[in-house]
Amino acid sequence: MVKFLRSQLARKMTIYVILISTFFALFSSTLQIYSEYKKEVDIVYSGLEQIERTHMANLTSQVWLLESEGLLITAVGLLDLPNINYIAIYSGQDILLERGNDNSENTIVKNFPLTHIHNGESKLIGKMVIKATLDDIYQNVIDRALLIVFINTVKTFIVSLLILFVFYFLISRHLNDIANFVQQMDINHFESKFSYRRRPNSAKSQDELDILNTTFFKMLNKLNAITIELEETINSMVDAVVVIGEDCKILTFNPAAEKLFGYSYAEVKGKSVITLIPDYHANNHGDYVNSYFTGAPEKVENKRRDLTGQHKNQTAFPIRLSVAVLPRDAQGKLRFVSTIQDLTLVRQQEEQIRRTQKLDALGKLSSGIAHDNNNILGVVLGYSELLENSLQEHPKWQKYANQINHAAQRGAKLTNKLLSFTRKKAYECNSVQINELLRQQKDMLQKLVTIKIKLIYELPDNIWPIWVDENDLEDALINLSINAMHAMENVEAATLVIKTANHEFNKKQAAEKNVKEGEYIQISLTDNGCGIDEDTKEKMFDPFFSTKGELGTGLGLSQVFAFVKRSSGGVTAKSSPDKGTCFELYIPRYIDNKKLMQPNITKILPLQGSETILIMDDEQLVRNLCRDILTLQGYKTLVAENSQQVFNILKQQKIDVLLTDIVMSDVDGYQLSHMVQNLYPQIKIQLMTGFDGSKNQKLVNKSNKNNILHKPFRAVELCKYIHTLLNSK
Numbered sequence: 129m130v131k132f133l134r135s136q137l138a139r140k141m142t143i144y145v146i147l148i149s150t151f152f153a154l155f156s157s158t159l160q161i162y163s164e165y166k167k168e169v170d171i172v173y174s175g176l177e178q179i180e181r182t183h184m185a186n187l188t189s190q191v192w193l194l195e196s197e198g199l200l201i202t203a204v205g206l207l208d209l210p211n212i213n214y215i216a217i218y219s220g221q222d223i224l225l226e227r228g229n230d231n232s233e234n235t236i237v238k239n240f241p242l243t244h245i246h247n248g249e250s251k252l253i254g255k256m257v258i259k260a261t262l263d264d265i266y267q268n269v270i271d272r273a274l275l276i277v278f279i280n281t282v283k284t285f286i287v288s289l290l291i292l293f294v295f296y297f298l299i300s301r302h303l304n305d306i307a308n309f310v311q312q313m314d315i316n317h318f319e320s321k322f323s324y325r326r327r328p329n330s331a332k333s334q335d336e337l338d339i340l341n342t343t344f345f346k347m348l349n350k351l352n353a354i355t356i357e358l359e360e361t362i363n364s365m366v367d368a369v370v371v372i373g374e375d376c377k378i379l380t381f382n383p384a385a386e387k388l389f390g391y392s393y394a395e396v397k398g399k400s401v402i403t404l405i406p407d408y409h410a411n412n413h414g415d416y417v418n419s420y421f422t423g424a425p426e427k428v429e430n431k432r433r434d435l436t437g438q439h440k441n442q443t444a445f446p447i448r449l450s451v452a453v454l455p456r457d458a459q460g461k462l463r464f465v466s467t468i469q470d471l472t473l474v475r476q477q478e479e480q481i482r483r484t485q486k487l488d489a490l491g492k493l494s495s496g497i498a499h500d501n502n503n504i505l506g507v508v509l510g511y512s513e514l515l516e517n518s519l520q521e522h523p524k525w526q527k528y529a530n531q532i533n534h535a536a537q538r539g540a541k542l543t544n545k546l547l548s549f550t551r552k553k554a555y556e557c558n559s560v561q562i563n564e565l566l567r568q569q570k571d572m573l574q575k576l577v578t579i580k581i582k583l584i585y586e587l588p589d590n591i592w593p594i595w596v597d598e599n600d601l602e603d604a605l606i607n608l609s610i611n612a613m614h615a616m617e618n619v620e621a622a623t624l625v626i627k628t629a630n631h632e633f634n635k636k637q638a639a640e641k642n643v644k645e646g647e648y649i650q651i652s653l654t655d656n657g658c659g660i661d662e663d664t665k666e667k668m669f670d671p672f673f674s675t676k677g678e679l680g681t682g683l684g685l686s687q688v689f690a691f692v693k694r695s696s697g698g699v700t701a702k703s704s705p706d707k708g709t710c711f712e713l714y715i716p717r718y719i720d721n722k723k724l725m726q727p728n729i730t731k732i733l734p735l736q737g738s739e740t741i742l743i744m745d746d747e748q749l750v751r752n753l754c755r756d757i758l759t760l761q762g763y764k765t766l767v768a769e770n771s772q773q774v775f776n777i778l779k780q781q782k783i784d785v786l787l788t789d790i791v792m793s794d795v796d797g798y799q800l801s802h803m804v805q806n807l808y809p810q811i812k813i814q815l816m817t818g819f820d821g822s823k824n825q826k827l828v829n830k831s832n833k834n835n836i837l838h839k840p841f842r843a844v845e846l847c848k849y850i851h852t853l854l855n856s857k
């Protein structure tokens, strides 16, 4: 037992058994004491009930007849009962008799009403008060409690000792033997068997200790295999693994390290790790490296550091070094395992991501500027058009207004290009006539590729329309044109030919183009530049792949590829070195079964009405412009600068049309139109925007979304949209 108590686990077990046993001893004693107390109290209540059954009729008659002597005899007899120490009999409010001691604090008080039946009528004539003392009961319970606690404690202590003995005999002594065996074991020369101090169990009746013994030695037998497997794992790791000692000498050098640094294990074994670092880096950081590897283990564990490595051919490259401490060797010296990653590709990708983030930040800034600029241009454009119409009798002033209007339209086109650049245009896909778009962009593309390159268009008539994001299409053309320009930098008679054509592909032809069977529009860009080799063609559509080094982002062709795939089309490239390149884009033909009626922008006068229009915009100048334009056409107009004002007006006024901006400060136009249509389905919604930055487009119905009025707009355009909306079903 002494050995048992020397065990840390045994001491904890003893403490827990004592604490739990003590708790249960106290708990069971408390229950038993309470049971004794309750039994004694129940006897008192039973005696009081017996008095009520046997003496109440006689006492009532004696009180009614005022038989003092009989009452006294009855009272004295009741006081002789166990625990009864006080009795009082009342006639009405007057006390007839009082006997006993009323000084005890621990009492049970019982009131017995005295009811007499006279002439068939029950009448309350008095009461009897009896008090039973609990002092004797408390004393008896206290006397017995000590005996109960003592007996329960002794029983619990004996049971605890038995439990501890069983635990020691069955478990603790065997665990202690296992612990001693493990402490004395040499991992390199361990015994293959271990026997417990008990009768061995058969295979069918093995207990947990037998299973532990068997499993433990199976684990030891696997250590050699694991060691071999670990060595193989290290040798097969993608990252370089280098193990060094306290003196910074290389002890292990896996194949990945050989490939990374160009040295064989035999060449670097026993040499300083400084061999793997450039001289200029080693000179500056030699002291740090030495202290880093010879420092305390807790200062080295899980340390990471980015630094420069050096290949055997003296080429420097960025690496990331992670260090962990290994167990001390047989001589008690520390060893350190280092995993080394080549960061060359990571650094390139980080640079590309930084460029992308800069472009994204520029895009967000440009979008905000474009939104505010569209509001300003909308006001200038609208009021200049109103001035033109009102100054017909003053040709000179009308000419000035026309020049203002023309300048505002040029500003609107510039803002439109800014939105196209940031990919934040207010709308996404629509029907596009590719020939018309190419003609509009010809001057821009020519300036883009410079006058050194001759830009040739071959655009046949009757080219089918396509359904694409016009901005994405423009970006794709720009990216391909820029690539062509770079490919023709050293070409004297450089030409870029852009062609369009209609094609209908059968299943076999579609498979060759990597598209589905059907009708397509082909857009091809052909240059006579340096061409592309086969290896580059396989990677050129991959993100961040660039042949221009630091001058390229590697995103141009990947954006073209993504645009074509989003448009359900395909892209191919035909090229060979020094023979030019031809990129062919195939976009599905768009068949417009329900052509949208485009506003015929002529004059304002025929577009009059008398309906009530509520104008919502957080820009006061825009609200005033829309109000002035529509008021001139006879419409009744109301304005609101936030959603709260909108709903206040809707509660008081009958509104035919809600004209609302999409991008606003409190709720956007999509949310507002969704709420209004749920509450007032008869109201028609006209959305307008200079930049649709909302994330709530799904809240608006398709007809409203397809009929957005884009800022800046002309006065006649606003009237046309409102007139068309009011006359639609």
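Following the working numbering, the numbering of the sequence shown begins with 129 at its first residue and continues without gaps. Glycine included, each C-beta is placed from N, C-alpha and C at the ideal position. Note that the coordinates shown come from a computational prediction; the quantities given were computed from them, not determined experimentally.
Handout entry: Three-way DSSP call (helix, strand, coil) for Q438 in this model
Key = It is a strand residue.
Practice task
State the beta-bridge partners of K764 as determined by DSSP.
Solution key: K764 is bridged to T740.
Practice task
Determine contact between the region 380-390 and the region 357-371, defined as no fewer than three beta-carbon pairs at a distance below 8 Å.
Solution key: Touching, yes, given that three or more Cβ pairs across the two stretches are closer than 8 Å.
Handout entry: G646 versus I783 - alpha carbon distance
Key = Inter-residue distance for G646 and I783 is about 48 Å (C-alpha atoms, whole angstroms).
Problem - Given 8 Å, three or more beta-carbon pairs between the region 556-569 and the region 615-629 - result: The region 556-569, when compared against the region 615-629, does touch it at the 8 Å Cβ threshold.
Exercise for the section: Would you identify the three-state DSSP class for H522, choosing helix, strand or coil? Expected result: If DSSP states are grouped into helix, strand and coil, H522 belongs with coil.
Handout entry: Rounded separation between F345 and R448 - CA only
Key = F345 and R448: Cα-Cα distance of roughly 40 Å.
Handout entry: Distance between N441 and T343 (C-alpha atoms, nearest Å)
Key = The alpha-carbon atoms of T343 and N441 are separated by roughly 52 Å.
Practice task
State whether the region 690-697 contacts the region 596-608, with contact taken as three or more CB pairs (one from each stretch) at a distance under 8 Å.
Solution key: Contact between the region 690-697 and the region 596-608 is present, because at least three Cβ pairs lie under 8 Å.
Practice task
Give the DSSP bridge partners of I626, in chain order.
Solution key: Beta-bridge partners assigned by DSSP to I626: Y585 and L653.
Exercise for the section: Buried or exposed for D600, please, with buried defined as at least 16 other CB atoms from any protein chain shown within 10 angstroms of its CB. Expected result: Buried is the call here.
Practice task
Enumerate, from N- to C-terminal direction, the unbroken alpha helix (DSSP H) stretches of 4 or more residues contained entirely within the region 326-370.
Solution key: Taken in chain order, the unbroken stretches of alpha helix (DSSP H) that lie wholly in the region 326-370 and span 4 residues or more are 336-364.
Practice task
Report all residues from its chain with a CB closer than 7 Å to the CB of R755; omit the five preceding and five following residues, and keep chain order.
Solution key: These residues qualify, in order along the chain: I743, T765 and V767.
Problem - Beta-bridge partners of N239, as assigned by DSSP - result: Under DSSP, the beta-bridge partners assigned to N239 are V257.
Exercise for the section: For A273, I'd like the list of residues in its chain whose CB is within less than 6 Å of its CB, leaving aside the five on either flank, ordered along the chain. Expected result: If we look at A273 and ignore the five residues flanking it on each side, its Cβ neighbours are I161.
Exercise for the section: List the whole-angstrom C-beta distance separating L735 from K848, where the pair is believed to meet the contact cut-off of C-beta under 8 Å. Expected result: Between K848 and L735 the Cβ distance is about 6 Å, and since that is below 8 Å, they are a contact.
Exercise for the section: Can you tell me which of the three DSSP states S196 falls into? Expected result: If DSSP states are grouped into helix, strand and coil, S196 belongs with the helices.
Handout entry: Bounding residues of the alpha helix (DSSP H) (the contiguous stretch that carries R301)
Key = First-last of the alpha helix (DSSP H) with R301: R301 to Q312.
Practice task
Return the first residue and the last residue of the beta strand (DSSP E) that I223 is part of.
Solution key: Where I223 is concerned, the enclosing beta strand (DSSP E) stretches over D222 to G228.
Exercise for the section: Return helix, strand or coil for I167, following the three-state DSSP convention. Expected result: For clarity, residue 167 is Lys in the given sequence; the question names Ile instead. Helix.
Problem - Boundaries of the beta strand (DSSP E) in which D789 is found, first to last residue - result: Unbroken beta strand (DSSP E) run through D789: V785 to D789.
Problem - Cβ-based neighbour list, T578, same chain, cut-off 8 Å, excluding 5 preceding and 5 following - result: Here the set comprises M613.
Handout entry: Same chain, Cβ closer than 8 Å to N854, neighbours up to 5 away in sequence not counted
Key = Reading the sequence as shown, one finds Leu at residue 854 and not Asn. These residues qualify, in order along the chain: G737, E739, D784, V785 and K812.
Practice task
State the DSSP-derived secondary structure class of P705, mapped to helix, strand or coil.
Solution key: DSSP places P705 in coil when its eight states are reduced to three.
Problem - Cα-Cα separation, L713 to V774 - result: Answer to the nearest angstrom: the Cα atoms are 48 Å apart.
Exercise for the section: Pull up the CB-CB distance for L514 and A843, whole angstroms please, since I reckon it's below 8 Å. Expected result: The pair is a contact, with the Cβ atoms about 6 Å apart (cut-off 8 Å).
Handout entry: Residue(s) in a DSSP beta bridge with D470
Key = DSSP, once it has assigned bridges, lists I447 as partnering D470.
Handout entry: C-beta atoms of N213 and S196 nearer than 8 Å
Key = No, they are not a contact pair.
Practice task
Taking only the alpha-carbon atoms, compute the straight-line gap between M141 and G460 and give it to the nearest angstrom.
Solution key: Spanning the alpha carbons of M141 and G460 requires a straight line of approximately 37 Å.
Problem - Per-residue DSSP class, three states only, for S695 - result: Here DSSP, grouped into helix, strand and coil, assigns S695 to coil.
Practice task
For G657, count neighbouring C-beta atoms within 10 Å of its own C-beta (all shown protein chains included) and say buried if the count is 16 or more, exposed if not.
Solution key: G657 comes out buried.
Exercise for the section: Since I believe I594 is in contact with I649 (beta carbons under 8 Å), could you give me their beta-carbon distance rounded to a whole number of angstroms? Expected result: Right, their Cβ atoms sit about 5 Å apart.
Practice task
Report the three-state DSSP secondary structure of I405 (helix, strand or coil).
Solution key: Annotated three-state conformation of I405 is coil, per DSSP.
Problem - Helix, strand or coil at I850 according to DSSP, with G and I counted as helix - result: DSSP, read as helix, strand or coil, puts I850 in helix.
Problem - Pairwise C-alpha distance: L290 and I279 - result: Looking at the backbone, the Cα of I279 and that of L290 are separated by about 17 Å.
Handout entry: Boundaries of the beta strand (DSSP E) in which V596 is found, first to last residue
Key = Annotation for V596: the continuous beta strand (DSSP E) segment containing it runs I594 to D597.
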